[in-house]
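Trainee: To start, I am sharing the structure in question, which I have written as structure tokens.
There are 2 protein chains.
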Amino acid sequence: MSRRSYRQYCATAHALDIVGERWTLLLVRELLTGPRRFGDLLAGLPGMGTGLLAARLKFLTEEGIVEQVTLPAPANTPAYAVTEAGAALEAAVLALADWGMTWALDEREPGEVFRAGWTVLAMRSAFNAERAADLRAVYEFRIDDEVFHAAVVDGAIATVHGPAQRPDVVVATDGDTFRQILRGEPTTRGATVTGDSSLLARLPALFDWPEARERVSPARPRWR
Amino acid sequence: MSRRSYRQYCATAHALDIVGERWTLLLVRELLTGPRRFGDLLAGLPGMGTGLLAARLKFLTEEGIVEQVTLPAPANTPAYAVTEAGAALEAAVLALADWGMTWALDEREPGEVFRAGWTVLAMRSAFNAERAADLRAVYEFRIDDEVFHAAVVDGAIATVHGPAQRPDVVVATDGDTFRQILRGEPTTRGATVTGDSSLLARLPALFDWPEARERVSPARPRWR
DNA sequence: CCGGATCCGTAACGATACTG
DNA sequence: CAGTATCGTTACGGATCCGG
Numbered sequence: 002m003s004r005r006s007y008r009q010y011c012a013t014a015h016a017l018d019i020v021g022e023r024w025t026l027l028l029v030r031e032l033l034t035g036p037r038r039f040g041d042l043l044a045g046l047p048g049m050g051t052g053l054l055a056a057r058l059k060f061l062t063e064e065g066i067v068e069q070v071t072l073p074a075p076a077n078t079p080a081y082a083v084t085e086a087g088a089a090l091e092a093a094v095l096a097l098a099d100w101g102m103t104w105a106l107d108e109r110e111p112g113e114v115f116r117a118g119w120t121v122l123a124m125r126s127a128f129n130a131e132r133a134a135d136l137r138a139v140y141e142f143r144i145d146d147e148v149f150h151a152a153v154v155d156g157a158i159a160t161v162h163g164p165a166q167r168p169d170v171v172v173a174t175d176g177d178t179f180r181q182i183l184r185g186e187p188t189t190r191g192a193t194v195t196g197d198s199s200l201l202a203r204l205p206a207l208f209d210w211p212e213a214r215e216r217v218s219p220a221r222p223r224w225r
Numbered sequence: 002m003s004r005r006s007y008r009q010y011c012a013t014a015h016a017l018d019i020v021g022e023r024w025t026l027l028l029v030r031e032l033l034t035g036p037r038r039f040g041d042l043l044a045g046l047p048g049m050g051t052g053l054l055a056a057r058l059k060f061l062t063e064e065g066i067v068e069q070v071t072l073p074a075p076a077n078t079p080a081y082a083v084t085e086a087g088a089a090l091e092a093a094v095l096a097l098a099d100w101g102m103t104w105a106l107d108e109r110e111p112g113e114v115f116r117a118g119w120t121v122l123a124m125r126s127a128f129n130a131e132r133a134a135d136l137r138a139v140y141e142f143r144i145d146d147e148v149f150h151a152a153v154v155d156g157a158i159a160t161v162h163g164p165a166q167r168p169d170v171v172v173a174t175d176g177d178t179f180r181q182i183l184r185g186e187p188t189t190r191g192a193t194v195t196g197d198s199s200l201l202a203r204l205p206a207l208f209d210w211p212e213a214r215e216r217v218s219p220a221r222p223r224w225r
């Protein structure tokens with residue numbers, strides 16, 4: 002079909018030729034926490050049409066960023082996953098997330114969708130390996146209708162969607178409370194904790210959340 | 002006015018709301034090596050229309066990513082520069098460049114534009130601070146019709162466009178030879194060197210260029 | 001019901017012509 | 001040189017439809 006290209010012999014331009022179009026990096030973000038089915042992806046990308054999602058998946062598959070997989074039994078259903086090249090985009094996605102946390106993310110605006118998965122991915126970039134060096138724990142988070150787990154081992158963290166096999170602690174709550182727990186802020190609505198609740202108190206110390214900064218311009222236009 | 006937004010409470014999505022549109026990150030890339038005039042930007046972004054460039058600059062200025070500056074005398078001409086928030090995008094641009102160097106950049110294809118500035122920016126991300134710890138030198142590069150300089154001091158590198166004030170060595174050559182010199186490959190056409198030419202031999206050791214990897218898909222579609 | 005394919009109105013982009 | 005104006009083309013967004 003022949004797509005649009007910047008036609009520059011430049012690494013950044015070539016990267017953007019592949020992942021620079023609308024929705025593409027957000028689609029990759031969805032897959033960075035594990036394989037997803039078509040419908041899951043649609044749910045995580047509200048506003049994206051089915052046709053466009055199918056086209057993006059097709060293109061990214063051709064480009065070797067994404068591959069079709071079959072989820073293990075008993076699901077046995079087709080899904081999409083990142084390849085090694087796709088997983089390597091994590092650094093770029095997290096760099097954008099870091100910038101966004103510092104320079105672009107204020108309070109949640111009315112009408113903005115929130116999914117726990119966004120925060121779960123951000124946990125990777127805010128993770129402080131040193132302060133987690135002596136911790137070995139598996140957390141399971143049930144946020145609204147989403148389930149994630151985070152395994153902290155040897156100063157590393159893995160955040161994946163879906164339930165954990167043997168969680169040390171399970172936390173069920175809503176999205177706002179989840180964010181408050183991660184930041185060590187006082188929680189308003191509380192959470193249902195099952196298992197070793199002392200692990201919960203250690204959570205905020207594991208992350209260095211960037212401090213939000215103001216960009217210069219005083220008047221910022223509205224989105225639609 | 003009111004632009005298009007993903008409407009997600011997610012750092013990555015907010016970042017892409019601002020810098021995710023076509024040309025925007027390449028425009029930022031241009032400014033990361035110093036202020037540029039409108040015409041310079043157009044020259045570095047072949048294929049971008051004047052109207053679109055003007056619109057992007059206006060939006061990024063409103064968003065506090067870019068600001069208008071007046072170049073110092075004797076130029077005294079209006080130009081654009083990144084603000085602190087714009088400069089902070091360097092990490093994201095370089096992350097994309099790293100990914101692109103590894104997974105998306107093959108040999109230069111016919112019809113692809115090359116500008117030395119792309120490589121000069123990539124020098125920042127390939128720079129190896131340890132192996133440059135004992136080096137203190139200012140390089141000036143005159144590649145085709147572009148002039149850049151790189152100052153290496155205390156294990157850090159600054160790459161800026163325009164001539165250096167007091168270069169230790171000046172290298173004039175073409176784009177392909179420039180890339181060969183940086184990688185320590187044998188050069189075909191040679192270069193004109195003025196000043197301390199021994200500094201040139203140290204250059205390749207200062208950079209760790211990522212090794213190109215193949216993505217899985219065998220058949221990749223053509224661009225247009 | 002899930003996973004798409006098709007169709008169509010709208011917004012974004014690209015090229016060029018034009019103005020201060 | 002630094003943009004604005006215009007217009008044809010492409011990409012996107014939403015809805016509907018279809019096969020397993």
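From first to last, the protein sequence lines stand for chains A and B. If you read the first sequence in the working numbering, its first letter stands for residue 2, the second for the next number, and so on. If you read the second sequence in the working numbering, its first letter stands for residue 2, the second for the next number, and so on. We treat Cβ as the ideally placed atom computed from N, Cα and C, and that holds for glycine. Keep in mind it's a predicted model, so treat the numbers as computed, not measured.
What is the DSSP secondary structure of residue 48 of chain A, reduced to helix, strand or coil?
Mentor: coil
Trainee: Give me the Cα-Cα distance between residue 100 of chain A and residue 215 of chain A, rounded to the nearest whole angstrom.
Mentor: 12 Å
Trainee: Output, in sequence order along the chain, the residues in the stretch 94 to 105 of chain A whose CB is closer than 9 Å to any CB in chain B.
Mentor: 94, 95, 96, 97, 98, 99, 100, 101, 102, 103, 104 and 105
Trainee: Within 10 angstroms of the Cβ of residue 21 of chain B, are there 16 or more other Cβ atoms? Answer buried if so, exposed if not.
Mentor: buried
Trainee: Counting only runs of 4+ residues fully inside the stretch 132 to 205 of chain A, write out the alpha helix (DSSP H) ranges in chain order.
Mentor: 176 to 184 and 199 to 203
Trainee: What residues from chain B crowd round residue 162 of chain A, counting only those whose CB sits closer than 7 Å?
Mentor: Result: empty, since nearest Cβ-Cβ is about 15 Å, beyond 7 Å.
Trainee: Kindly indicate if chain A contains any beta-carbon less than 7 Å away from that of residue 84 of chain B.
Mentor: yes
Trainee: Applying a beta-carbon distance threshold of less than 8 Å, which residues of chain B neighbour residue 92 of chain A?
Mentor: 96, 99 and 100
Trainee: For a test of the three-state rule: what should DSSP assign to residue 78 of chain B, helix, strand or coil?
Mentor: Three-state result, residue 78 of chain B: coil.
Trainee: Quick check on DSSP: helix, strand or coil for residue 2 of chain B?
Mentor: Because residue 2 of chain B sits at a pLDDT of 42, beneath the cut-off of 50, its placement in the model cannot be relied upon, and the point is left open.
Trainee: Could you please tell me which residues of the stretch 109 to 122 of chain A, in chain order, have their CB closer than 7 Å to any CB of chain B?
Mentor: 109, 112, 113, 114, 115 and 119
Trainee: Could you tell me if residue 166 of chain B is buried or exposed, where buried requires 16 or more neighbouring beta carbons within 10 angstroms of its beta carbon?
Mentor: exposed
Trainee: Please list, in chain order, all residues of the same chain as residue 14 of chain B whose beta carbon is under 7 Å from its beta carbon, the five residues on each side excluded.
Mentor: 7
Trainee: From this set, B/12, B/34, B/46 and B/217, which residue's C-alpha is nearest residue 23 of chain B's C-alpha?
Mentor: B/46
Trainee: Do residue 123 of chain A and residue 98 of chain A count as a contact pair if the criterion is CB distance below 7 Å?
Mentor: In contact: residue 98 of chain A and residue 123 of chain A (Cβ atoms closer than 7 Å).
Trainee: Taking the CB atoms as reference points, tell me whether residue 84 of chain B and residue 63 of chain B lie closer together than 7 Å.
Mentor: no
Trainee: Strictly by DSSP, which residues pair up with residue 37 of chain A?
Mentor: A/81
Trainee: Which residues does DSSP list as the beta-bridge partners of residue 208 of chain A?
Mentor: A/128
Trainee: Using a 10 Å radius around the Cβ and a threshold of 16 neighbouring Cβ atoms, would you call residue 31 of chain B buried or exposed?
Mentor: So residue 31 of chain B ends up on the buried side.
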